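Participant:
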Amino acid sequence: MDLAAEVPTWKRALRAQGKSDATLSTYGLGVERFLRWCTDTGTPAELTKANVQAWLADLLDSGLQATTATTWLGGLKRFGAWLAEEDLLPNNPIERLSPPKIATKVTDSLTDDDLRRLLKTCQASKSLRDRRDEAIIRLMSETGLRANELVALQLDDLDLNRQLATVTKGKGGKGRIVPYSPQVAAAVDRYLRVRRTRAHPDNTQLFIGAQAPGFSYYALAKTLRRRAAEAGVAGFHVHKLRHTAATRWLRAGGSEGGLMAVAGWSSREMLDRYVAASAAERAAEEARGLNLGAL
């Protein structure tokens, strides 16, 4: 069987199931990298456990992160499951193949001082960019919205009176309701007053560009990196605001179940990373208070 020839049909089947373009890209990347490895190494392009294990070993030996290898393996497993469902294979030979072990990392987040410095860079004027970026920083650092979820927000997705945001395009197609504070509502209100004078009436996207009608993930990342540089916040990346929101929630005594609902997590895997980071932070504070060095 020519595996490469079946990939387009598989992707059409995924699209028929309602999978997003991002999901198709993620799933497809693992299959494409496996087939490329087969070509580069002269390995027969056959979906066998031995072939996939050798591919994973080469990926890790080349320095690829275990998380990325695991994601690519997940796509390949999906492909194998589809081949079995379509009777193109007698079974999925890699269904029970274990992914690479992922090292547990302490999740980094911004301090309250970092956030204050970021927000201060937005107070130079009442321009659309300044008002927009303040609203974005406050919203993301409080609610933990993913970057793609934020840029997908529409005007009707925000209820300023009840201080609720509706995420209709969450990860995996799962929507949710996200609460936010009066401070966020006030910042969004200030931004919307400027937006009304700049946006075309037919533009329903909540956040818009200062020079262009749309506002993409790339535009979001670019404007926030610039803010971080101005504020002197080192090591910034967009996802760090999601880390920060989770850490702040737990630090303030918020429940783990509440955080899972707000962040859009269906399993504890990601939550456990934030819980560990928050617990380590609290332990460090407690240790300072114990003054164990006084001998």
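Taking the working numbering, the leading residue of the sequence shown gets 2, the next gets one more, and so forth.
Positions of the beta carbon are idealized from the N, C-alpha and C atoms, including for glycine.
Since we're looking at a predicted model, the values are computed, not measured.
1) Taking alanine 166 as part of the alpha helix (DSSP H), name the residues at either end of that continuous run.
2) Looking at tyrosine 218: is its Cβ nearer than 7 angstroms to the Cβ of alanine 148?
3) Leaving out the 5 sequence neighbours to the left and right, which residues in its chain are closer than 6 angstroms to threonine 205 when beta-carbon positions are compared?
4) In the DSSP assignment, what residue or residues form a beta bridge with isoleucine 178?
5) Per DSSP, which one or two residues make a beta bridge with glutamine 356?
6) Using alpha carbons as the reference points, say which of Phe80, Glu150 and Phe35 lies closest to glutamate 7.
7) Is the distance from the Cβ of valine 195 to the Cβ of leucine 129 below 7 angstroms?
8) Is the region 74-89 touching the region 47-66, taking contact as three or more C-beta pairs under 8 angstroms?
9) Would you check if the distance between the CB atom of leucine 116 and the CB atom of serine 99 is smaller than 7 angstroms?
10) How do the region 61-80 and the region 15-32 stand: do at least 3 beta-carbon pairs fall below 8 angstroms, yes or no?
11) Tell me which residues share the same chain as glutamate 231 and place their Cβ nearer than 7 angstroms to its Cβ, disregarding the 5 neighbours each side in the sequence.
12) Keeping to the same chain, check which residues put their C-beta closer than 7 angstroms to that of leucine 4; ignore five residues upstream and five downstream.
13) For glutamate 135, does the count of other Cβ atoms within 10 angstroms reach 16, so buried, or fall short, so exposed?
14) Give, in chain order, every unbroken run of the alpha helix (DSSP H) that is at least 4 residues long and sits entirely within the region 253-277.
15) Short of 7 angstroms in beta carbon distance, which residues of its chain neighbour tyrosine 181, apart from the five on each side in sequence? Order them along the chain.
16) Which residues share a DSSP beta bridge with aspartate 160?
17) Do you know how far the Cα of glycine 236 is from the Cα of glycine 75?
18) Taking Cβ positions, are valine 168 and arginine 177 nearer each other than 7 angstroms?
19) Work out the CA separation of alanine 246 and alanine 277 for me, nearest whole Å.
20) Would you kindly work out how many angstroms separate the C-alpha atoms of histidine 240 and alanine 264, rounded to a whole number?
21) Consult DSSP for proline 101 and reduce its assignment to one of helix, strand or coil.
22) Exposed or buried, what is threonine 224 when buried is set at 16 or more other beta-carbons lying within 10 Å of its beta-carbon?
23) Helix, strand or coil for glutamine 54 per DSSP?
24) I need the boundaries of the alpha helix (DSSP H) containing serine 142, first residue and last residue.
25) Taking DSSP as the reference, what is the three-state secondary structure of serine 110?
26) Identify which residue in Leu293, Glu287, Leu242 and Leu57 has its Cα closest to the Cα of aspartate 113.
27) Following the continuous alpha helix (DSSP H) through lysine 223, name the residue where it begins and the one where it ends.
28) Please report the straight-line C-alpha distance between threonine 40 and arginine 274, rounded to a whole angstrom.
Facilitator: Let me lay it out:
1) It is not in any alpha helix (DSSP H) - alanine 166 instead sits in the beta strand (DSSP E) that spans 165-168.
2) yes
3) Gln155 and Leu156
4) Thr167
5) Residue 356 is absent from the model: the chain starts at 2 and stops at 296.
6) Phe80
7) yes
8) yes
9) no
10) yes
11) Thr122
12) Leu36, Ala46 and Leu48
13) buried
14) 257-264
15) Leu140, Glu143, Thr144, Gln164 and Ala166
16) Leu165
17) 29 angstroms
18) yes
19) 15 angstroms
20) 12 angstroms
21) coil
22) buried
23) helix
24) 129-144
25) coil
26) Leu242
27) 218-232
28) 38 angstroms
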